[in-house]
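For reference, the structure is listed below as structure tokens.
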Amino acid sequence: MSMIEEREVFPIRKVQATFSDGRASEAEIRHLAGVYGTVRKVMHNDKGETAYIYYNRVDDAIAAATNATEPIPLEGGGTMLIVPCPASKILWVRVRLDPRDEDRLYEVFGHYGTVVDVFVANGRGYLFVEMKDEVQAVEALKDLQDKPLFDGGPRAILDFHRGPTVERIRKNYEQDEQVYAKDRRANDFRGRSRGGHRGPRDFRDHRDHRDHRDHRDQGNHYHREDRRRGGEVERSVSMYPSGSPQVTSISYHNRHFQRQGGFGNHRSRG
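Given below as structure tokens:
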């Protein structure tokens, strides 16, 4: 296997920008790096000393890493230098696969060397492959970039991942899933403790039932209430023009209350 040369350009969609005596804004980086193609996003590191510039096309990133050999002056002072991203033994692969395909991934990437670990982020649309060294990872990236990993499968986008090992990535993912599951259970409990949500269908049925209830039902309701209180009720019923009954007057004769003149007039007997 050949060694990795200094400033070797890899077929990936990002380049690295280093700054001297200052830090450039995202807008300024997009403007300066946009000479070579459309910039998709810019990500600064925590200290602001470097940044990753992501292009929409691999060819644009290759052109930027190849042609931008001189420092570029910045408006606030200092310079920005675009360099190829360094290689890593861990590959980030953007492709939607099932965790049950991990054995097949060992076989695919095993053609380029020793596969240390593989992790498929279920439902996230990406996975990680850790090779034994950077040379093996570079060969796999060059050969599989923008190609399907399996026959008839979707095309994969590969990139270098500079960070923790795949084992650490897996543990972080499992911890995040536990936190999400705990939050979901808490939200479900809060919904049940407050009675939950009946849903649009139940609410519509209840509304229709309420709208179809006529005034005769209301009169029966008041009559039942009065009978429970031990009193007597007198009702005067007329007819609407549409033919439905209308309770025009209800008088309650008991010691609690009396209602006359319809449903909106309350008078206390004292």
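When we follow the working numbering, the leftmost residue of the sequence shown carries the number 1, and every step to the right adds one.
Positions of the beta carbon are idealized from the N, C-alpha and C atoms, including for glycine.
By the Cβ criterion, the segment 66 to 79 is in contact with the segment 20 to 33, since at least three pairs of Cβ atoms, one from each stretch, lie closer than 8 Å.
Distance from the CA of Asn172 to the CA of Lys182, rounded to the nearest whole angstrom, comes to 15 Å. Where Ala17 is concerned, there is no enclosing alpha helix (DSSP H), although the beta strand (DSSP E) around it starts and stops at 14 to 20. Short of 6 Å from the beta carbon of Ala17, and not among the five residues preceding or following it, lie these beta carbons of its own chain, in chain order: Ala51, Ile53, Met80, Ile82.
DSSP links Ala156 through a beta bridge to Lys147.
In this structure, DSSP gives Glu130 an extended state, which the three-state scheme calls strand. Here Tyr126 is actually not in contact with Arg162; their C-beta atoms are around 15 Å apart, not less than 8 Å. Secondary structure at Val42: strand, using DSSP grouped into helix, strand and coil.
If the five residues before and after Ile12 are omitted, its C-beta is found closer than 8 Å to the C-beta atoms of Val58, Ala61, Cys85, Leu141, Gln145, Leu158, Asp159, Phe160, all from its own chain and listed in chain order. Looking at the backbone, the Cα of Lys132 and that of Ala121 are separated by about 21 Å. The DSSP-derived three-state label of Phe119 is strand. The bridge partners DSSP lists for Val83 are Gln16. Rounded to whole angstroms, the Cβ separation of Val118 and Tyr106 is 6 Å, and the two are in contact under 8 Å.
By the 16-neighbour rule on beta-carbons within 10 angstroms, Gly37 is buried. The continuous alpha helix (DSSP H) containing Thr66 extends over residues 58 to 67.
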